[in-house]
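Structure, as structure tokens:
Protein chains: 2
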Amino acid sequence: MVRRNKKIKIIETAEKLFADKGFDGTSVRDIADEAGINVAMISYYFGSKEKLLEALFTYRAEDTTVKLEGMLKNKEQSPMEKVNMLIEYYIEKFHNQSSFHKIMSREQVTIKHSATSELIHRFKKHNQQLIKELIQEGQKSGDFVKNIDIPILMATLIGTVSHIVTTQHFYREINNQQDMPDEQFQKMMKKKLNTHFKFIFKAILTNEA
Amino acid sequence: MVRRNKKIKIIETAEKLFADKGFDGTSVRDIADEAGINVAMISYYFGSKEKLLEALFTYRAEDTTVKLEGMLKNKEQSPMEKVNMLIEYYIEKFHNQSSFHKIMSREQVTIKHSATSELIHRFKKHNQQLIKELIQEGQKSGDFVKNIDIPILMATLIGTVSHIVTTQHFYREINNQQDMPDEQFQKMMKKKLNTHFKFIFKAILTNEA
DNA sequence: AAAAAAATTAAACAAATGTTTGATTAGTTT
DNA sequence: AAACTAATCAAACATTTGTTTAATTTTTTT
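Top to bottom, those sequences are chains P and V.
Just so you know, the first sequence maps onto residues 963 to 1171 in this note's numbering.
Just so you know, the second sequence maps onto residues 963 to 1171 in this note's numbering.
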């Protein structure tokens, strides 16, 4: 295995374990065992456990902003079409990278001044700015109403999808869907969330239900 | 200090630290130092660190279900009035017990078979059931439309409020409100969330915006 | 006031933690 | 093929972890 592949193997193993047991709840030996490597390799490749987390965040967050930017700067679609794309994108992203988002949601709650917190913060601020521009564009063109609380609206989308993705096992048990295959459950959930949020966003952005 | 007060002092100190640094990120010595007691007292009173967490959950979750039940079983109000009370209650609860909810949101993400997970699960299932009954009551009386996805609707309320409460420091920084006093910020946020969710719930439950 | 029970303490315990060391092996360059 | 660099490993390192012990002090009961 070449160097890059081995680093990625470690990152992805750490991602799974951090997601399930938390950063502090996962030891470097857990990661090493699961990835089938020697513990020393983590320090050797990343410097420390903390920096491994940083590497994970960089690895995952890297292309998100780029994709979001490419999507929203596209001139072809109407503001409402872009909003719907945004909804689809977030739902898809949270589901496809659920482990990463579990870690992120935990890290956001935790108060500490780390490089990772700094990364999350920049990441969120930048994405929020992009979306703000989209909404304002729609307001200028008359597609959307005035007086939209953008941070609250975004918190609704992100908070809800994050909550459902991170507490999926609870959700399934409460609604007696433990036996449903993972893939089927996620497909159903994505569909439900899409309908739900397209309705909500339309209602809020245009005052039509 | 009498026994009960001292136990509560430990529980509340642990609550603060668990919220800020996570369960695994907080050592029993951190708690002892902060509470001004000897480390051994934690084992003496609670048996273990894990059981201290259990005690914390019991301590906090105890009256919630009772309050919710008392509120929803009240015959005086209309279904929509009850829904609005429910919204107010959740927003108030998450803000007033933000430390507790930070811990809870982290614990929900973590996969482990502990007494605490069991507690959370029973707690959530029971509350969900109460709300389901309320919505169905409104559907029977003709106040609410059919085809309401109750779990998704509740996830929207809980997920969003939880997201805002747990990531408050991010939210404030992103929106340049770091200098606003805590109390003022929370008052503003509660008001915004109330308006927001009363609008959303009305739109979804009655198809009117 | 004596006896019993409960609370508190510093110290010790073994296990687990993240990281480093120094030696060995594998791979690449000269 | 020799020299050099990179990768891998088991072992050791110093801390920190949650918990227990055994002695002492405080409080309650008799």
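We put the beta carbon where it would ideally sit given N, CA and C, even for glycine.
Which listed residue (the options) has its alpha carbon closest to that of residue i
i, options, result
"Ile1082 of chain P", "P:Arg1022, P:Ile973, P:Arg965", "P:Arg1022"
"Ser1005 of chain P", "P:Leu1155, P:Gln1091, P:Ile1093, P:Ile972", "P:Ile972"
"Lys1087 of chain V", "P:Ser1010, P:Asn1137, P:Lys1154", "P:Asn1137"
"Arg965 of chain P", "P:Thr975, P:Lys1074, P:Ile993, P:Met1003", "P:Met1003"
"Ala1026 of chain P", "P:Phe1085, P:Val990, P:Asn1156, P:Pro1041", "According to the sequence as given, residue 1026 of chain P is Thr; it is not Ala. Of P:Phe1085, P:Val990, P:Asn1156, P:Pro1041, the residue nearest in Cα terms is P:Phe1085."
"Ser1168 of chain P", "P:Asp1144, P:Asn1109, P:Met1142", "Note on identity: in this sequence residue 1168 of chain P is Thr, with Ser being the wrong assignment. The shortest Cα separation from Thr1168 of chain P among P:Asp1144, P:Asn1109, P:Met1142 belongs to P:Asn1109."
"Pro1041 of chain V", "V:Asp992, V:Met1142, V:Gln1101", "V:Gln1101"
"Leu1030 of chain P", "P:Ile1049, P:Ser1103, P:Thr1078", "P:Ile1049"
"Asn1036 of chain P", "P:Leu1096, P:Phe1056, P:Leu1155, P:Met1142", "P:Leu1096"
"Ser913 of chain V", "V:Gly1104, V:Glu1099, V:Glu1016", "Here chain V comprises residues numbered 963 to 1171, so residue 913 of chain V is not present and cannot be evaluated."
"Ile1053 of chain P", "P:Lys1064, P:Asn1156, P:Asp1105, P:Phe1132", "P:Asn1156"
"Thr975 of chain P", "P:Ser1061, P:Ser1010, P:Met1033", "P:Ser1061"
"Glu996 of chain P", "P:Glu1135, P:Met1033, P:Phe1008, P:Lys968", "P:Lys968"
"Lys1164 of chain V", "V:Asp1105, V:Gln1059, V:Lys1011", "V:Asp1105"
"Val1127 of chain V", "V:Ile1166, V:Lys1055, V:Gln1098", "V:Lys1055"
"Gln1098 of chain V", "V:Ile993, V:Thr1078, V:Leu1034", "V:Leu1034"
"Lys1013 of chain P", "P:Ser1079, P:Lys1064, P:Ser1103", "P:Ser1079"
"Ser1103 of chain P", "P:Gln1039, P:Tyr1051, P:Gln1146", "P:Gln1039"
"Tyr1133 of chain P", "V:Thr1118, V:Tyr1051, V:Tyr1133, V:Asp1144", "V:Thr1118"
"Glu1145 of chain P", "P:Asn1058, P:Tyr1007, P:Val1001", "P:Asn1058"
"Leu1018 of chain P", "P:Ile999, P:Glu1135, P:His1063", "P:His1063"
"Ile970 of chain P", "P:Gly1032, P:Phe1008, P:Glu1135", "P:Phe1008"
Beta-carbon neighbours of residue i, restricted to chain P and to distances below 8 Å
i, result
"Ile1136 of chain V", "His1083, Lys1086, Lys1087, Gln1090, Pro1113"
"Gln1070 of chain V", "Thr1128, Thr1129, Phe1132"
Neighbour-count burial assignment, residue i, 16 or more Cβ in a 10 Å radius
i, result
"Glu959 of chain V", "What is shown of chain V runs 963 to 1171, which leaves residue 959 of chain V out entirely."
"Gly1121 of chain P", "buried"
"Val1028 of chain V", "exposed"
"Val1107 of chain P", "exposed"
"Thr916 of chain P", "Residue 916 of chain P is absent from the structure shown; chain P starts at 963 and stops at 1171."
"Ser1124 of chain P", "buried"
"Glu977 of chain V", "buried"
"Met1142 of chain V", "exposed"
"Gln1140 of chain P", "exposed"
"Gln1130 of chain P", "buried"
"Ser1010 of chain V", "exposed"
"Ser1067 of chain P", "buried"
Residues that residue i contacts on chain V, provided the C-beta gap is smaller than 9 Å
i, result
"Phe1172 of chain P", "Nothing about residue 1172 of chain P can be reported from this structure: the residues present for chain P run from 963 to 1171 only."
"Gly1104 of chain P", "The contacting residues do not exist; Gly1104 of chain P stays about 18 Å from chain V at best."
"Thr1122 of chain P", "Ile1114, Ala1117, Thr1118, Leu1119, Ile1120, Gly1121, Thr1122, His1125"
Residue i beta carbon near the ligand COA (any heavy atom closer than 6 Å)
i, result
"His1088 of chain P", "As presented, the structure is devoid of all ligands, the ligand COA included, so that no description of it is given."
Partner residues on chain V for residue i, Cβ-Cβ distance less than 8 Å
i, result
"Lys1154 of chain P", "Asp1111, Ile1114"
Residue i: contacting residues in chain P (beta-carbon distance under 7 Å)
i, result
"Ser1067 of chain V", "Val1071"
Under 9 Å from the C-beta of residue i: neighbouring residues of chain P
i, result
"Ile1162 of chain V", "Thr1118, Ile1162, Ala1165, Ile1166"
Per-residue contacts from residue i into chain V (C-beta, under 7 Å)
i, result
"His1075 of chain P", "Those within 7 Å of His1075 of chain P in chain V number zero; the least Cβ separation is about 11 Å."
Using 8 Å as the cut-off, can you tell me whether the segment 1155 to 1166 of chain P makes contact with the segment 1045 to 1059 of chain P, which would need three or more C-beta pairs spanning the two stretches below that distance? yes
For the segment 1101 to 1116 of chain V against the segment 1148 to 1157 of chain V, are there 3 or more C-beta pairs whose distance is under 8 Å? no
Could you check whether the segment 1091 to 1111 of chain P touches the segment 975 to 991 of chain V, counting it as contact only if at least three pairs of C-beta atoms, one from each stretch, sit closer than 8 Å? no
If we count Cβ pairs, one from each stretch, closer than 8 Å, do we get three or more for the segment 1071 to 1078 of chain V versus the segment 968 to 983 of chain P? yes
Which of the residues in the segment 1011 to 1024 of chain V, read from start to end, lie with their CB under 8 Å from any CB of chain P? none
Short-range partners of chain V found in the segment 971 to 994 of chain P, where Cβ spacing is below 7 Å: Asp982, Lys983, Gly984, Asp986, Gly987
According to a CB-to-CB cut-off of less than 9 Å, which residues of the segment 1050 to 1064 of chain P neighbour chain V? Lys1064
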